[in-house]
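Notes follow once the structure below has been shown.
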Amino acid sequence: MDEAKWYVVHTYSGYENKVKVNIEKAIKNRNMQELIQQVEIPMHDEAEEKNGVTKMVSRKVFPGYVLIKMTMTDDAWYVVRNTRGVTGFVGPDSKPVPLSLGEIEKMGIDVSMFKSKFLLADLVQVISGSFVGSEGIIKEINETNERVIVSIMGFGSEFPLEVSFDDIKKIM
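Numbering follows the working numbering, in which position 67 of the sequence shown is assigned residue number 64; successive positions increment by one, without gaps.
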């Protein structure tokens, strides 16, 4: 099965929270936790002064938009697209286009909640490309480009292999 990626969904303004709740209910009701993994509304804190008192308030970074980490299948697309308040996926001709962490980061959003859980020295398996099935240890991580250097044994010696986050999985 393909790896989950981040997609942007356009909603009616003010419906972001309702859309999030409705999608999460649909995920639970249809047992789609593996296809639709996370629904987020990017927020940021800012100081607001009212009647001489300053307090911190959370505001939506992009009103009218919700981020969803999902594996794009016909069923997952259907559930999200037909949720009340959703007007469509963001992309050319409303065709879903996944975001990279770099794109999310450039929007000024704290991507720490989206970042991979890969750590140095993690044991991983390559799941696509020429070295599919190979196992190795993460030696370097580049969060911005979503790539890692994995040390793999092959051809009688150890060698570095640069792969994207999407091309590896952690071995538990």
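Note that the Cβ used here is the ideal one computed from N, Cα and C, for glycine as well.
Predicted model, so just to flag it, every value in this text is computed and none were measured.
Item	Value
Backbone secondary structure at Val129 - three-state DSSP	coil
Stretch pair the segment 54 to 74 + the segment 27 to 35: three plus CB contacts closer than 8 angstroms	yes
Assigned secondary structure, Tyr4 (DSSP; H/G/I helix, E/B strand, else coil)	strand
Under 8 angstroms between C-beta atoms of Ser131 and Ile146	no
Stretch pair the segment 40 to 56 + the segment 83 to 95: three plus CB contacts closer than 8 angstroms	no
Glu13 classed as buried or exposed, judged by whether at least 16 other C-beta atoms fall within 10 angstroms	buried
Helix, strand or coil at Leu32 [DSSP, three-state]	coil
Cβ shell of Ser161 (< 7 angstroms), same chain only, five flanking positions each side left out	Glu143, Arg144
Endpoints, the alpha helix (DSSP H) within which Val145 is located	First-last for Val145: 144 to 151, but that is the beta strand (DSSP E), not the alpha helix (DSSP H).
Closest residue to Ile134 among Ile124, Lys167, Phe128, Thr141 (Cα-Cα distance)	Lys167
Residue interval of the alpha helix (DSSP H) (run including Gly99)	98 to 103
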